[in-house]
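Under the working numbering, residues -8 to 322 are what the sequence shown spells out, in order.
We put the beta carbon where it would ideally sit given N, CA and C, even for glycine.
Everything numeric in this text was worked out from a predicted model, so none of it was measured.
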Amino acid sequence: MFNGKSILVTGGTGSFGHCFIKYVLTHYSPKKLIVFSRDELKQFEMQESFDSSAMRYFIGNVRDKDRLITAMRDVDYVVHAAALKQVPAAEYNPMECIKTNIMGAQNVIEAAIEAGVNRVIALSTDKAANPVNLYGATKLASDKLFVAANNISGADGTRFAVVRYGNVVGSRGSVVPFFKKRVQQGKLPLPVTHTEMTRFWLRLEQGVEFVVKSFERMRGGEIFVPKIPSVNILDLVEAISGSREHELIGIRPGEKLHEIMVPEEVAHQTLEFHDHYVITPAIKFFERNVDYSENKLGEKGQAVSDKFEYHSGTNPHFLSIEELVELNKDL
């Protein structure tokens, strides 16, 4: 799908960007692969790792629409991964989070439409479902912007979709590298905010593969949610430290006990496919009548029950301690 095409990744120097670029260069022959981000040092370091002639680097901020328009010239596909993601930091710096995650999202939309981009996928988070913190609220607003953008772009214009998934194992800021560093430093027991806490869990490579597949599946307006396992925090503590001994520190500002990726309130909009769910738009598009029960790959989905909820605490698939130990060996 990406052969001979130009792809741009906002926030491209992050964990997702690194993995996505490596995946695309391994499996495709793109015309251009553009990293768009704020940090010139991280871009310099990336240039040391990726020497493909397809690579391009743009210093820029998603808050700057003009710079986005320049970067998206002749681009076919955009992955919007740029965001302020740290929950406590967002609580203490709310307007900065809003400027990047909401206003930046709208800038990406407007730039993509003006540049004539074919398809755009925005990365979201489980925290956008029934949000209790500002980060989640800004990503919910961003999700709504990207879904509604299919109305702005018209019948034959840019198509927009969203991918929503849970915690990425080993990504920057995730608990796994934090726990492992504590163990290496002998700082035990490990700190735990709540003993019953659960989270959705996936490897970074799985997230990248799901995004690529979503580009192939999308009609425009979907929120794609992968079927992934959950973990219990004390199981993770045992897998990393060898003991369930812990220090209880209490839930942090804006933190949830469990995560939800498909709330019951949108069950009537949700379709189940063999390896994922699709939350269909709540709005009707003026110039298009889309049947989301069959995607672009011909895969067919079925409506879920009215009481359905995709919840990390009631998820039928939990990783065992043994599975977590094996998973952590690769990080």
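query	result
On the three-state DSSP scale, how would you describe residue 169?	helix
By Cβ distance below 6 angstroms, which residues in the same chain neighbour residue 189 in space, the five residues on each side in sequence not counted?	221, 223, 249, 303, 304
What residue ranges within the stretch 204 to 230 form continuous beta strand (DSSP E) runs of no fewer than 3 residues, ordered along the chain?	214 to 217, 221 to 223
In terms of alpha-carbon separation, which member of 268, 254, 278, 229 lies closest to residue 316?	229
When burial is assigned at 16 or more other CB atoms within 10 Å of the CB, is residue 126 buried or exposed?	buried
Just curious, the beta strand (DSSP E) that residue 152 is in, first and last residue?	150 to 156
At 3 residues or longer, what runs of the beta strand (DSSP E) sit wholly inside the stretch 250 to 309?	251 to 253, 261 to 263, 267 to 270
Looking at residue -5: is its Cβ nearer than 9 angstroms to the Cβ of residue 21?	yes
Along the chain, which unbroken stretches of the alpha helix (DSSP H) at least 4 residues long are found entirely within the stretch 85 to 145?	85 to 89, 95 to 106, 125 to 143
Counting Cβ pairs closer than 8 angstroms, one from the stretch 93 to 102 and one from the stretch 131 to 146, do we hit at least three?	yes
Ordered along the chain, which non-local residues of its own chain (more than five positions away) have a Cβ less than 7 angstroms from that of residue 326?	Nothing can be reported for residue 326: it is not among the residues displayed for the chain, which extend from -8 to 322.
For the alpha helix (DSSP H) containing residue 12, list its first residue and its last residue.	6 to 18
In three-state terms, what does DSSP make of residue 246?	coil
Return the Cβ separation of residue 141 and residue 150 in integer angstroms, given the expectation that the two are a contact with Cβ distance under 8 angstroms.	6 angstroms
Check whether the Cβ atoms of residue 245 and residue 78 lie closer than 9 angstroms to each other.	yes
Starting from the C-beta of residue 30, find all residues in its chain whose C-beta is less than 7 angstroms away, skip the five residues before and the five after it, and write them out in chain order.	4
Counting only the same chain and skipping the five closest in sequence on each side, list residues whose C-beta sits under 7 angstroms from that of residue 158.	165, 190, 191, 192
Pick out whichever of 225, 16, 117 has its Cα sitting closest to the Cα of residue 42.	16
Do three or more CB pairs link the stretch 266 to 281 to the stretch 178 to 186 at distances below 8 angstroms?	no
Assign residue 316 to one of three DSSP states: helix, strand, or coil.	helix
Out of 19, 287, 105, state which residue places its alpha-carbon closest to the alpha-carbon of residue 210.	287
Compute the distance between the beta-carbons of residue 260 and residue 251, then report whether it is under 9 angstroms.	no
Roughly how many angstroms lie between the CA atoms of residue 154 and residue 254, to the nearest whole one?	15 angstroms
Please report the distance separating the alpha-carbon of residue 83 from that of residue 124.	11 angstroms
For residue 179, which three-state DSSP category applies?	coil
Looking at C-alpha atoms only, which residue of 37, 200, 72 is the closest neighbour of residue 53?	72
Determine the direct distance from the alpha carbon of residue 65 to that of residue 58, and round the result to whole angstroms.	14 angstroms
What is the DSSP secondary structure of residue 232, counted as helix, strand or coil?	helix
In the DSSP output, which residue or residues are listed as bridge partners for residue 71?	1, 113
Between the C-alpha atoms of residue 272 and residue 101, what's the straight-line distance to the nearest angstrom?	20 angstroms
Could you tell me how far apart the beta carbons of residue 160 and residue 167 are, in whole angstroms, since I believe they sit closer than 8 angstroms?	6 angstroms
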